[in-house]
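In the numbering used here, the protein residues as written are 569 to 926.
Please read the structure below before turning to the comments.
Here it is as structure tokens:
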């Protein structure tokens, strides 16, 4: 499970877009009518930020303004779940709800996402299954993108095929596997959604057991993104998962200082993720943060912090089966976006290439 601590921080209120019905609200699940209303009101997204001066601010003389990633999708939806208080015989966490609230606020305020939040007892197993199998399929289309974030307890149970991962809903029982939410069930439900881009972020122990396909090396971060590559990232399917720990590791709830006191109100993973989304992961200073840059930044922040606390925690990024060349993309908040077109090789530069180059 996610390692519990003893001090509970004061959570910040969850931010929900006006006129958008949160599935955690009283009165049941989101209806199709609500979903269509939400889609119509998404024109409030911070898609274009002073694009007239974007090229100059980007630092490239050949750059031209382009629309931000949120403007390239019909709907930008973030489902954010955080569970501190469990009903039954499961340890209480200190930072999961605060983490989820902060992530929801940043995604909405800075990245143009509509946020649906479920906290503590709102995140019961039956409700999560309804959300995954009924509400989301009815609300999303092929031109949309989804970010799914979970902070809470996770466990790994032995099986004939190796460890099976489970998320613990608020009403889970430690001794009853049927009360847990299998990561295989979560994976299957998400895989049925029609969206072009999906990004799953799991901050729980043994989160890496969500991995269903071979991990690919992080290889494109740090490369200047030209407009053609940017378009390809957004237009091609992107199905990626970022986990706070590998399949055999526990995830820290919060770091404890030398006096045994909790230092921050967030987990090390959430702190790194919040900084990454604020722009710290923009390694190439092009005002674009792709999922692979995000993963590198979070990994390089969390792993040393965990080691200093006497444990190992290695965030991982891997693709799902539907991933096909895309990247989940964020724009650095309050920064213009301008990209140059890829250079065209002339005959002289082409002649210097290896005969085997393609």
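Just so it is clear, CB atoms sit at the ideal spot from N, CA and C, and this is done for glycine as well.
Keep in mind it's a predicted model, so treat the numbers as computed, not measured.
Point to revise | Cβ-based burial, residue 728 [other Cβ within 10 Å; buried from 16] | key: Numbered from its first residue, the chain shown carries residue 728 at position 160. The pLDDT assigned to residue 728 is 49, lower than 50, so where the model puts this residue is not dependable; a value taken from the coordinates is nonetheless given after this. The residue in question, residue 728, is exposed, as its Cβ has fewer than 16 Cβ neighbours within 10 Å.
Check your understanding: Does DSSP put residue 933 in a helix, in a strand, or in coil?
Key -> A question about residue 933 goes unanswered here, because the residues of the chain that appear run from 569 up to 926.
Review point. Do you know offhand how far residue 737's Cα is from residue 909's?
Key: One-based indexing of the chain shown puts residue 737 at position 169. One-based indexing of the chain shown puts residue 909 at position 341. Taking the straight line joining both Cα atoms gives about 47 Å.
Practice item. Would you give the residue range spanned by the beta strand (DSSP E) that residue 844 belongs to? Key: In the chain shown, the residue the question calls residue 844 occupies position 276. Membership of residue 844 in any beta strand (DSSP E) is not indicated, and neither H nor E is assigned to it by DSSP.
Check your understanding: Helix, strand or coil for residue 739 per DSSP?
Key -> Sequence index remark: in the chain shown, residue 739 carries index 171 (1-based). Here residue 739 sits in coil by DSSP.
Check your understanding: Which of helix, strand or coil does DSSP assign to residue 763?
Key -> Your numbering for residue 763 matches position 195 in the chain shown. Reduced to three states, the DSSP call for residue 763 is coil.
Check your understanding: Roughly how many angstroms separate the alpha carbons of residue 752 and residue 632, rounded to a whole number?
Key -> The count along the chain shown starts at 1 and reaches residue 752 at position 184. The count along the chain shown starts at 1 and reaches residue 632 at position 64. One C-alpha to the other measures close to 43 Å.
Exercise for review: Helix, strand or coil for residue 909, going by three-state DSSP, please let me know.
Suggested key: Looking up residue 909 in the chain shown gives position 341. Residue 909 falls in the coil class under three-state DSSP.
Review point. Residue 715 bridges to which residues according to DSSP?
Key: Translated into the one-based positions of the chain shown, residue 715 becomes position 147. 646 and 767, per the DSSP bridge assignment.
Point to revise | Cβ shell of residue 911 (< 7 Å), same chain only, five flanking positions each side left out | key: Walking along the chain shown from the start, residue 911 turns up at place 343. Apart from the 5 residues on each side of it in sequence, residue 911 has no Cβ closer than 7 Å to any other Cβ in its chain.
Point to revise | Beta-bridge partners of residue 749, as assigned by DSSP | key: Here residue 749 is taken as the residue at index 181 of the chain shown, counted from 1. Answer is 735.
Review point. Whose CA, out of 672, 800, 640 and 808, lies closest to the CA of residue 889?
Key: As a working mapping, residue 889 is identified with position 321 in the chain shown. Measuring from the Cα of residue 889, the nearest candidate turns out to be 808.
Practice item. Could you name the residues of the same chain whose beta carbon sits closer than 6 Å to that of residue 869, not counting the 5 residues immediately before and after it, in chain order? Key: In the chain shown, the residue the question calls residue 869 occupies position 301. For residue 869, where only same-chain residues beyond five positions count, the Cβ hits under 6 Å are 840.
Exercise for review: Over the uninterrupted beta strand (DSSP E) stretch that includes residue 810, give me the two end residues.
Suggested key: The sequence position of residue 810 within the chain shown is 242, counting from 1. Note, residue 810: beta strand (DSSP E), 806-811.
Review point. Tell me which same chain residues have a C-beta within less than 7 Å of the C-beta of residue 675, skipping the five on either side of it?
Key: For the purposes of this step, residue 675 is identified with residue 107 of the chain shown, where counting begins at 1. Taken in chain order, the residues that qualify are 646, 681, 683 and 715.
Practice item. Return helix, strand or coil for residue 744, following the three-state DSSP convention. Key: Residue 744 sits at position 176 when you count from the first residue of the chain shown. Three-state DSSP puts residue 744 in a strand.
**Study point:** Cα-Cα separation, residue 862 to residue 769
**Key:** Position 294 of the chain shown, counted from the start, is the residue given in the question as residue 862. Position 201 of the chain shown, counted from the start, is the residue given in the question as residue 769. If I take the Cα positions, the gap works out to 11 Å.
Exercise for review: Give the range of the beta strand (DSSP E) segment to which residue 659 is assigned.
Suggested key: In the chain shown, residue 659 corresponds to position 91, counting from 1. Run containing residue 659: none; DSSP gives neither H nor E here.
**Study point:** Alpha-carbon to alpha-carbon, residue 866 and residue 885
**Key:** Counted from its first residue, the chain shown places residue 885 at position 317. Counted from its first residue, the chain shown places residue 866 at position 298. Each residue's alpha carbon lies about 10 Å from the other.
Practice item. Could you have a look at residue 681 and say whether DSSP puts it in helix, strand or coil? Key: Here residue 681 refers to the residue found at position 113 of the chain shown. Coil at residue 681, not helix or strand.
**Study point:** Distance between residue 679 and residue 899 (C-alpha atoms, nearest Å)
**Key:** Walking along the chain shown from the start, residue 899 turns up at place 331. Walking along the chain shown from the start, residue 679 turns up at place 111. About 7 Å.
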